[in-house]
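Here is the structure we will look at, set down as structure tokens.
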Amino acid sequence: MDFQIEEKIEKALNKNKPIVAMESTLFVHGLPKESSIKLFRKLNGIAKKEQVNLAIIAILNGVLKIGITDEQMISLIEKNSLNLVNKAGTRDISFNIALKRDAVTTVSSTLWAAQKAGIKVMATGGIGGVHREILMTLDISADIYALSKHNLIVVCSGPKAFLDIKNTFELLESLSIPVVGYKNSYFATFFCGVDENLELKYVLENTKEIAEVYLKMRDLGMEHSLLVSNPILKKYELDKNLAEKTINQVLRLCKEKNIKGHKLSPFILKNLTELTDGKSLKSNLALIKGNFKLACQISKEL
Ligand code: PSU
Ligand code: MN
Numbered sequence: 001m002d003f004q005i006e007e008k009i010e011k012a013l014n015k016n017k018p019i020v021a022m023e024s025t026l027f028v029h030g031l032p033k034e035s036s037i038k039l040f041r042k043l044n045g046i047a048k049k050e051q052v053n054l055a056i057i058a059i060l061n062g063v064l065k066i067g068i069t070d071e072q073m074i075s076l077i078e079k080n081s082l083n084l085v086n087k088a089g090t091r092d093i094s095f096n097i098a099l100k101r102d103a104v105t106t107v108s109s110t111l112w113a114a115q116k117a118g119i120k121v122m123a124t125g126g127i128g129g130v131h132r133e134i135l136m137t138l139d140i141s142a143d144i145y146a147l148s149k150h151n152l153i154v155v156c157s158g159p160k161a162f163l164d165i166k167n168t169f170e171l172l173e174s175l176s177i178p179v180v181g182y183k184n185s186y187f188a189t190f191f192c193g194v195d196e197n198l199e200l201k202y203v204l205e206n207t208k209e210i211a212e213v214y215l216k217m218r219d220l221g222m223e224h225s226l227l228v229s230n231p232i233l234k235k236y237e238l239d240k241n242l243a244e245k246t247i248n249q250v251l252r253l254c255k256e257k258n259i260k261g262h263k264l265s266p267f268i269l270k271n272l273t274e275l276t277d278g279k280s281l282k283s284n285l286a287l288i289k290g291n292f293k294l295a296c297q298i299s300k301e302l
């Protein structure tokens with residue numbers, strides 16, 4: 001058995017009850033252990049209050065799980081190392097299943113798995129996108145292509161701030177991925193708020209309308225996801241100057257240490273936390289919670 005849906009999630013699917021999927025990479029490679037466990041508990045609390053089922057997706061010993069138990073999640077977080085738990089984008093899924101490994105899913109593989117299970121909404125912090133200095137590296141996250149191939153609602157706070165936000169915005173348009181701003185007409189930039197040079201064509205204030213747009217996409221047979229840009233609350237924003245200064249510092253460090261590929265995002269997030277005295281981490285946690293809550297509310301309108 002390669003693919004297993006947790007009992008609670010299976011029941012919710014059968015009864016058309018609200019479910020929000022989450023990727024597991026952000027918990028295991030995007031945050032320090034203690035914060036991650038706390039966040040996980042907090043999200044469980046929000047799910048309970050909103051009466052929504054949280055389905056975290058991961059590969060455990062070669063089985064792709066749609067929904068894992070609290071114990072399984074804590075055990076993955078405890079390992080918290082790229083050597084013990086693989087980071088799996090869509091192209092890594094088959095290797096990890098065939099070779100019976102433990103792996104956490106990114107946005108791209110979560111989209112693939114959630115669609116296969118029939119889940120319609122997922123939440124994350126910031127999506128992957130076009131990296132800076134794209135012409136030198138051609139590093140573009142598989143997340144973006146996955147958003148053009150799998151039909152979910154993805155609630156995020158835009159691309160991660162250390163990416164090339166403008167080119168990510170452009171690529172979303174080229175791939176015809178619809179983006180809707182939640183209560184804000186500018187594209188969200190992860191822990192930095194929004195980019196006032198990147199205006200969104202569509203802004204919606206109400207979760208029912210977001211659900212209606214998505215259902216219309218499904219009716220029309222569109223295979224893209226609907227990306228919801230949900231800016232971090234102002235009070236949790238990281239100062240833009242501090243963010244840019246430290247991002248540049250960390251990107252220089254990446255070059256010096258030759259950090260590339262799937263190791264890049266976890267390395268940058270970890271170093272940003274250290275250089276901002278934990279401020280970037282606080283912002284990251286706040287926006288993930290905000291996105292999960294909004295995803296829960298949208299899922300109840302479907
Ligand atoms: N958002 C966060 N923290 C993270 C990630 C997103 O707030 O750790 C992860 C997601 O799993 C996303 C991945 O899919 O980073 C993108 O990685 P890459 O840039 O290597 O494609
Ligand atoms: Mn990459």
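Residue 1 is where the sequence shown starts when you use our numbering, and the numbers rise one by one after that.
The beta-carbon is built from N, C-alpha and C at its ideal position, and this holds for glycine as well.
Computed from a predicted structure; not experimentally measured.
- Pairing Gln4 with Leu60, the inter-Cα distance amounts to about 10 Å.
- Assigned with DSSP and collapsed to three states, Ser35 falls in helix.
- DSSP places Glu196 inside the beta strand (DSSP E), whose first and last residues are 194 to 199.
- With a cutoff of 7 Å on beta-carbon distance, Gly181 and Ser229 are scored as near each other.
- In the structure shown, Lys65 adopts extended strand secondary structure according to DSSP, grouped into three states.
- Secondary structure note for Ile9: its alpha helix (DSSP H) is the uninterrupted segment 7 to 14.
- Counting only unbroken stretches of 4 or more residues, the alpha helix (DSSP H) elements lying wholly within the region 177 to 237 are 207 to 219, in sequence order.
- For the pair Lys160 and Lys8, the Cα-to-Cα distance works out to about 32 Å.
- Residues of the same chain with a CB within less than 8 Å of the CB of Met217, apart from the 5 flanking positions on each side, are Asn151, Pro178, His224, Leu226 in chain order.
- The C-alpha of Leu135 lies about 43 Å from the C-alpha of Glu71.
- DSSP lists Ala88 as the beta-bridge partner residues of Thr105.
- Taking every residue with its beta carbon within less than 6 Å of a heavy atom belonging to the ligand MN gives, in chain order, Asp139, Ser141, Gly261.
- The region 286 to 299 makes contact with the region 199 to 218; the number of CB pairs closer than 8 Å reaches 3 or more.
- Separation of Leu175 and Arg132 (C-alpha to C-alpha, rounded to the nearest whole angstrom) is 19 Å.
- In this structure Val154 touches Thr124 by the C-beta definition: roughly 7 Å separates them, less than 8 Å.
- Classified as exposed, Ala98 has fewer than 16 neighbouring CB atoms from the shown chains inside 10 Å of its CB.
- Taking the C-beta atoms as reference points, Ile93 is found no nearer than 7 Å to Ala21.
- Not a single heavy atom of the ligand PSU lies less than 6 Å from the C-beta of Thr189.
- A Cβ-Cβ separation of about 6 Å places Leu64 in contact with Asp2 under the 8 Å criterion.
- If you check the CB distance, Leu264 and Thr273 do not come in under 7 Å.
- Rounded to whole angstroms, Asp164 and Lys289 show a C-alpha spacing of 24 Å.
- In the DSSP assignment, Val250 falls within the unbroken alpha helix (DSSP H) covering 240 to 257.
- Distances taken from the Cβ of Leu26 to the heavy atoms of the ligand PSU include one shorter than 6 Å.
- Beta-bridge annotation (DSSP): Asn53 is paired with Ile19.
- For the ligand PSU, no non-hydrogen atom lies closer than 6 Å to the CB of Asp70.
- Membership of Ile93 in the alpha helix (DSSP H) is indicated by the continuous run 93 to 98.
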